[in-house]
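Heads up: the protein sequence lines correspond to chains A and B, in order.
Its first residue numbered 5, the first sequence is counted upward by one per residue in the numbering used here.
Its first residue numbered 5, the second sequence is counted upward by one per residue in the numbering used here.
Scroll down for the structure; my scribbles are underneath it.
Number of protein chains: 2
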Amino acid sequence: MNVKPEIKAEPSTMPDGYVLEDQVGHLIRRAHQRHTALFMAMIGDEQITTTQYAALVKLYQMGELSQNHLGRLTAMDPATIQGVIRRLTLRKLISHRPDKNDKRRRCLSLTSAGRDLVGRLLSNGPKVSKATLDPLSPAEQQQFVALLKRLT
Amino acid sequence: MNVKPEIKAEPSTMPDGYVLEDQVGHLIRRAHQRHTALFMAMIGDEQITTTQYAALVKLYQMGELSQNHLGRLTAMDPATIQGVIRRLTLRKLISHRPDKNDKRRRCLSLTSAGRDLVGRLLSNGPKVSKATLDPLSPAEQQQFVALLKRLT
DNA sequence: GCAGCATCGTATGCGTACAAACGATATCGG
DNA sequence: CCGATATCGTTTGTACGCATACGATGCTGC
Chain A
5 MNVKPEIKAE PSTMPDGYVL EDQVGHLIRR AHQRHTALFM AMIGDEQITT TQYAALVKLY
65 QMGELSQNHL GRLTAMDPAT IQGVIRRLTL RKLISHRPDK NDKRRRCLSL TSAGRDLVGR
125 LLSNGPKVSK ATLDPLSPAE QQQFVALLKR LT
Chain B
5 MNVKPEIKAE PSTMPDGYVL EDQVGHLIRR AHQRHTALFM AMIGDEQITT TQYAALVKLY
65 QMGELSQNHL GRLTAMDPAT IQGVIRRLTL RKLISHRPDK NDKRRRCLSL TSAGRDLVGR
125 LLSNGPKVSK ATLDPLSPAE QQQFVALLKR LT
């Protein structure tokens, strides 16, 4: 081991018991980091991220969607979904055609490669969820997800 | 209202009941987005982000820390904390001096402006946590935070 | 119709978040 | 003492995430 004493200095007096590590925002952020790491390790494709996976699965489920609509379904604003779609299109997992009735819209859909990929990864999704919730008992897992759903 | 019928097409058949919106990772991501928005609206400074706040509060509590040590205490890797510290230093909220015993380290501490700012914002921290948890009853809030702490 | 407003997708800028590689420094084992 | 190893902070590259502004297109109400 290569331990080193950390710097010590006089802390400021804190108003009664404000502990950063107990704040719900900090805990959510850390839970998000942990989930992302589990996802990248387990989803079965080195390149696919959580948001890319969400977009692919939604298109797989819904068949054809406009870009912003897909963004709303996956909780991404227009600027964010634009980049996600651009990268998936570059990898030829998504294709697009103009909308007949609305010249502003891009009709997005999966390519056959995209459908194949989702087909391969889809069974890993539940495994990631399972691993994420693993520290909790089954009853606690159900409770946690139920509470989490109400925080949206 | 300016509603527009969304594109419709044939969805692929999904393996039994995989609902993206029910996956814990997606819910955590959305909870994180919601918390960040509440934080930025309520913390009392337009520029300070959640991670910058965490770094400032830790320095306020601990007095003086090396950069990577601060990163570990706030769950940021060296590349991330580097950018956070650079921006806080640019705003003259943090200063640094070389470590006497270890030439690799930067000893970070708050400037008086940094201490003043933390002093002003600190009372808003609990308000953000309260707002984040507001959809839950007090008992549920306690439960949720307890479960969340075990997912780390 | 047509003016005003809404929505579509794009672009820029800033701020996390992390992998990977790096040079400098520190420590440990032999 | 010295080579192997670990840690420190930096840099580069990629990917969200959102604010803001933009031009193009669609819709609504007068």
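C-beta: ideal position from N, C-alpha, C; glycine also.
Check: Short CB-CB distance (under 8 Å) between isoleucine 32 of chain A and chain B; Outcome: yes
Check: Exposed unless 16 or more other CB atoms sit within 10 angstroms - verdict on lysine 62 of chain A; Outcome: buried
Check: Cβ contact (3+ pairs, closer than 8 Å) linking the stretch 50 to 69 of chain A and the stretch 82 to 93 of chain A; Outcome: yes
Check: As assigned by DSSP and simplified to three states, the class of serine 116 of chain B; Outcome: helix
Check: Beta-carbon proximity of serine 127 of chain A to glutamine 27 of chain B, cut-off 8 Å; Outcome: no
Check: Beta carbon proximity, glutamate 50 of chain B to chain A, threshold 8 Å; Outcome: no
Check: Burial state of arginine 109 of chain B (16 or more Cβ within 10 Å); Outcome: buried
Check: Counterpart residues of histidine 100 of chain A in DSSP-defined beta bridges; Outcome: A:Leu112
Check: Local conformation of serine 127 of chain B per DSSP, three classes; Outcome: coil
Check: Closest by C-alpha distance to glutamate 68 of chain A, when choosing among A:Ile98, A:Gln146, A:Leu151; Outcome: A:Ile98
Check: Glutamine 146 of chain A CB to nearest heavy atom of the ligand GTP below 7 Å; Outcome: No copy of the ligand GTP appears in this structure; indeed no ligand is present at all.
Check: Arginine 124 of chain A to glycine 48 of chain A span [Cα, whole Å]; Outcome: 8 Å
Check: C-beta contact flag for histidine 36 of chain A and arginine 76 of chain B at 8 Å; Outcome: no
Check: Cα-Cα separation, leucine 31 of chain B to threonine 156 of chain A; Outcome: 8 Å
Check: Counterpart residues of serine 141 of chain A in DSSP-defined beta bridges; Outcome: Paired residue(s): none; serine 141 of chain A is not in a bridge.
Check: Cα-Cα separation, valine 23 of chain A to phenylalanine 148 of chain A; Outcome: 22 Å
Check: Assumed close pair leucine 60 of chain A, glycine 118 of chain A - CB separation to whole angstroms, cut-off 8 Å; Outcome: 6 Å
Check: Contact check, proline 139 of chain A vs arginine 154 of chain B, beta carbons under 8 Å; Outcome: yes
Check: Integer-rounded CB distance, given that threonine 115 of chain B should sit under 8 Å from leucine 42 of chain B; Outcome: Wrong, their Cβ atoms sit about 28 Å apart, outside the cutoff.
Check: Alpha carbon of methionine 44 of chain A to alpha carbon of lysine 131 of chain A, nearest angstrom; Outcome: 12 Å
Check: Cβ neighbour criterion (16 or more within 10 Å) applied to serine 141 of chain B; Outcome: exposed
Check: Uninterrupted alpha helix (DSSP H) stretches inside the stretch 25 to 106 of chain A (no shorter than 4 residues); Outcome: 28 to 46, 54 to 66, 71 to 77, 82 to 94
Check: Exposure label - glutamine 200 of chain B; buried when at least 16 CB within 10 Å; Outcome: Lying before the first or after the last residue shown, residue 200 of chain B is absent from chain B, which here runs from 5 to 156.
Check: Buried or exposed (CB count within 10 angstroms, at least 16 for buried), leucine 112 of chain B; Outcome: buried
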